[in-house]
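J.:
In my numbering, the protein residues as written are 32 to 349.
What follows is the structure in structure tokens.
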């Protein structure tokens, strides 16, 4: 097939039809990215627990709904389950002296078996919107977008308030400068455990929302979640710095983290629309994350190189 005939075979109408679904799923991934932002940026903690806690949130939500629990209450229990997972990672790191990345891997590894047991040793469990009242569903994409957007807005506002409190500021200081925080009397181990618990609670909430949206929980639904979350965080940061620049505040940073999730998933929609091999999505995601991670570094190199060139020019003129 020639290039012209290939592009002629693509349906722009189909792409536009798929965009709302991409926005709704992107908002859910953006909520998950908020949790990753707490560990990745605020705590400077490489937490790999999220691949397991995302699935935990979905498994707990679906099983509770099937047992007759209201969907909103199931989400709250999922948040608590995710916080317990983050608590385990935090204790492995602070109490047992296990390096951060290994503590996350151990918890994630253990969660695979735990999630299977939660789902009754089944690899997946379905929950039908026809039988149960769900918070959001792919059957009604506009309502799903509205619901996910309101939840994201509530979380951004809540975090903006919380991280401005004394405890929230102590948590941010712990990630920014642990030595100085310890000198100021902050219990940095307690702050790390608290931050990991909050982070994985939000990730589990996103998992619960995703399981309701797609109508099932799967044991592998969280695989690669850390990379998607990092992509959302990095894309959001680059866009925020490019658009708002010096006017960017913490509320804007959190908001653009969610927007980063939406943009990432819209790119996924475009990739699928172009009929590229879906098995290459993870490779594509890794390339996107690497490029966006490199952009700030390249920008600093360009600025420093320009400054050196300017200084040399000034020296010659003198």
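Each residue gets a CB set at the ideal place from its N, CA and C atoms; glycine is no exception.
1. Mind checking whether residue 88 and residue 295 have CB atoms under 8 angstroms apart?
2. Specify whether the stretch 100-120 and the stretch 47-61 touch according to this definition: at least 3 beta carbon pairs, one from each stretch, less than 8 angstroms apart.
3. In terms of residues, what are the limits of the alpha helix (DSSP H) holding residue 247?
4. Touching or not, the stretch 149-160 and the stretch 83-100, by the rule of three or more beta carbon pairs under 8 angstroms?
5. Less than 8 angstroms between the CB atoms is what I'm expecting for residue 256 and residue 82, so what's the real figure, rounded?
6. Pairs of beta-carbons, one from the stretch 94-108 and one from the stretch 259-277, closer than 8 angstroms: are there three or more?
7. Determine, using beta carbons only, whether residue 182 and residue 69 come nearer to each other than 8 angstroms.
8. So, using beta-carbon positions, are residue 238 and residue 158 closer together than 8 angstroms?
9. Report the start-end ranges of each beta strand (DSSP E) in the stretch 50-126 that is 3 residues or longer and not cut off at the edges.
10. Please work out which residues of its chain come closer than 6 angstroms, Cβ to Cβ, to residue 226, disregarding the five sequence neighbours upstream and downstream, and give them in chain order.
11. What are the uninterrupted segments assigned as beta strand (DSSP E) that are 3 or more residues long and contained completely in the stretch 266-344, given in chain order?
12. Does the beta-carbon distance from residue 248 to residue 242 come in below 8 angstroms?
13. By DSSP's criteria, residue 156 is part of a beta bridge. Which residues make up the other side?
14. Let me confirm a value: residue 308 is counted as buried when at least 16 other C-beta atoms fall within 10 Å, else exposed. Which label applies?
15. Going along the chain, which residues of its own chain have a beta-carbon closer than 8 angstroms to the beta-carbon of residue 129, five neighbours each way excluded?
16. Beta-carbon separation of residue 116 and residue 76 under 8 angstroms?
17. Exposed or buried, residue 335, counting other C-beta atoms within 10 Å across all chains shown (16 or more means buried)?
18. In this structure, does DSSP put residue 140 in helix, strand or coil?
19. From residue 244 to residue 80, what distance separates their C-alpha atoms?
20. By alpha-carbon positions, which one of 302, 224, 59 and 264 ends up nearest to residue 41?
21. Compare the beta carbon distance of residue 224 and residue 135 with 8 angstroms and say whether it is the shorter of the two.
22. Would DSSP call residue 166 helix, strand or coil?
23. Quick check: residue 283 and residue 266, are their CB atoms within less than 8 angstroms of each other?
24. The alpha helix (DSSP H) spanning residue 208 covers which residue range?
25. Rounded to whole angstroms, what's the CA-CA distance from residue 59 to residue 155? Just pull it up for me.
26. So, helix, strand or coil for residue 190, using DSSP?
27. Note down the Cα distance separating residue 199 from residue 193, rounded to an integer number of angstroms.
T.: From the atom records:
1. no
2. no
3. Run containing residue 247: none in the alpha helix (DSSP H); it sits in the beta strand (DSSP E), 247-249.
4. yes
5. 5 angstroms
6. no
7. no
8. no
9. none
10. 69, 74 and 202
11. none
12. yes
13. 248
14. exposed
15. 123 and 137
16. no
17. exposed
18. helix
19. 22 angstroms
20. 302
21. no
22. coil
23. no
24. Looking at the DSSP string, residue 208 is not in any alpha helix (DSSP H), and its letter there is neither H nor E.
25. 20 angstroms
26. helix
27. 6 angstroms
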